[in-house]
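J.: Mapping of the sequence shown onto the numbering used here: position 96 corresponds to residue 169, and the numbering continues sequentially without gaps. I have a structure I would like to understand better, so I am pasting it below and will then ask my questions one at a time.
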Amino acid sequence: MGLFPELNEDTTISNVRDFFNSEKKYPRIRRNAWMDGIKGQTNDVTGIRGSRKGNGSEKMMIYYAECARAKRAVEKAISRCSTGSQDIINWHYVKQLTIAETKLNINHHLGHTSFNEADKIACLEFAEACDRISMQMNCNLEILPLFLDFNDDDEKAGTKQDKNGKEIGTK
């Protein structure tokens, strides 16, 4: 292994696309980032305050704040990408436009690069920027996961090692 671990580009690109396209990931973050986390107090019909479940309003306020932080991290990561990658991510992934619609809104020429190649580059740029920024902003990994996936040298060699460094399995 060299100074830099080898990036598994296909898995990283898949992680980014899944994050933006899965209804339970980025679209949920966007919906919850600006919702009002303060709710009125709910009284028990018995007149006794308190609950076995704990303070639900406090938990929801924390969740909304975490979503807002994650949304800011995503927006900051997009802004750190090249202009072409910003266009692709904003139009195709954030606004969920089709490839044809995205091509109409891109403010630059792809040159000799196909849209598919430009899309892959955009996903890789976003993954690098977002992982770094989410760590700097201390984002909750359950809300904003890490995207970069690195190849393990042991997997390439066909061997696995236990925690003591001994080879296990077959070659």
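Backbone N, C-alpha and C fix where the C-beta goes; we use that ideal spot for every residue, glycine too.
Pull up the distance between the alpha-carbon of Phe220 and that of Cys154, whole angstroms please.
T.: Numbered from its first residue, the sequence shown carries residue 220 at position 147. Numbered from its first residue, the sequence shown carries residue 154 at position 81. Approximately 15 Å, taken between the alpha carbons.
J.: Under the DSSP definition of a beta bridge, which residues are partnered with Phe223?
T.: Residue numbering aside, residue 223 sits at position 150 when the sequence shown is read from its first letter. According to DSSP, which records beta bridges pairwise, Phe223 is partnered with Leu80.
J.: What's the gap between the Cα of Ala146 and the Cα of Gly157?
T.: Numbered from 1 along the sequence shown, position 73 holds the residue referred to as residue 146. Numbered from 1 along the sequence shown, position 84 holds the residue referred to as residue 157. Straight-line Cα distance between these residues: approximately 19 Å.
J.: I'd like the list of long-range same chain contacts for Asn88, defined as Cβ closer than 6 Å, with 5 residues on each side in sequence excluded.
T.: In the sequence shown, the residue the question calls residue 88 occupies position 15. Once the five neighbours on either side are set aside, the close Cβ partners of Asn88 are Phe220.
J.: Are there 16 or more other CB atoms within 10 angstroms of the CB of Gln159, so buried, or fewer, so exposed?
T.: Along the sequence shown, one-based indexing puts residue 159 at 86. So Gln159 ends up on the buried side.
J.: Under the rule that 16 or more other beta-carbon atoms within 10 Å means buried, what is Ile161, buried or exposed?
T.: Translated into the one-based positions of the sequence shown, residue 161 becomes position 88. Result: buried.
J.: Would you kindly check if the distance between the Cβ of Tyr137 and the Cβ of Asn94 is under 7 Å?
T.: Residue mapping note: residue 94 aligns to position 21 of the sequence shown, counting from 1. Residue mapping note: residue 137 aligns to position 64 of the sequence shown, counting from 1. For Asn94 and Tyr137, no; Cβs fall outside 7 Å.
J.: Would you call the segment 193–210 in contact with the segment 175–182, where contact means no fewer than 3 C-beta pairs closer than 8 Å?
T.: no
J.: Are Leu76 and Phe223 close, meaning C-beta to C-beta below 7 Å?
T.: Residue mapping note: residue 76 aligns to position 3 of the sequence shown, counting from 1. Residue mapping note: residue 223 aligns to position 150 of the sequence shown, counting from 1. The answer is no: Cβ separation not under 7 Å.
J.: Rank Asp83, Ala150, Met133, Lys98 by C-alpha distance to the C-alpha of Met210 and give the top, closest one.
T.: Indexing the sequence shown from 1 puts residue 210 at position 137. Ranking Asp83, Ala150, Met133, Lys98 by Cα distance to Met210 puts Ala150 first.
J.: Going along the chain, which residues of its own chain have a beta-carbon closer than 7 Å to the beta-carbon of Glu190, five neighbours each way excluded?
T.: In the sequence shown, the residue the question calls residue 190 occupies position 117. No residues qualify anywhere along the chain.
J.: Exposed or buried, which one is Asp192 when buried takes at least 16 other CB atoms within 10 Å?
T.: Indexing the sequence shown from 1 puts residue 192 at position 119. Classification for Asp192: buried.
J.: To the nearest angstrom, report how far apart Pro78 and Gly129 are at their CA atoms.
T.: For the purposes of this step, residue 78 is taken as residue 5 along the sequence shown, with counting starting at 1. For the purposes of this step, residue 129 is taken as residue 56 along the sequence shown, with counting starting at 1. Distance between the alpha carbons of Pro78 and Gly129 is about 43 Å.
J.: Would you call the CB atoms of Cys212 and Ala143 closer than 7 Å?
T.: Locating residue 212 in the sequence shown gives position 139, where the first residue counts as 1. Locating residue 143 in the sequence shown gives position 70, where the first residue counts as 1. Taking 7 Å as the Cβ cut-off, Cys212 and Ala143 qualify as a contacting pair.
J.: Based on Cα-Cα distance, which residue from Phe92, Thr171, Phe188, Lys132 lies nearest to Leu217?
T.: Indexing the sequence shown from 1 puts residue 217 at position 144. Nearest option by C-alpha distance: Phe92.
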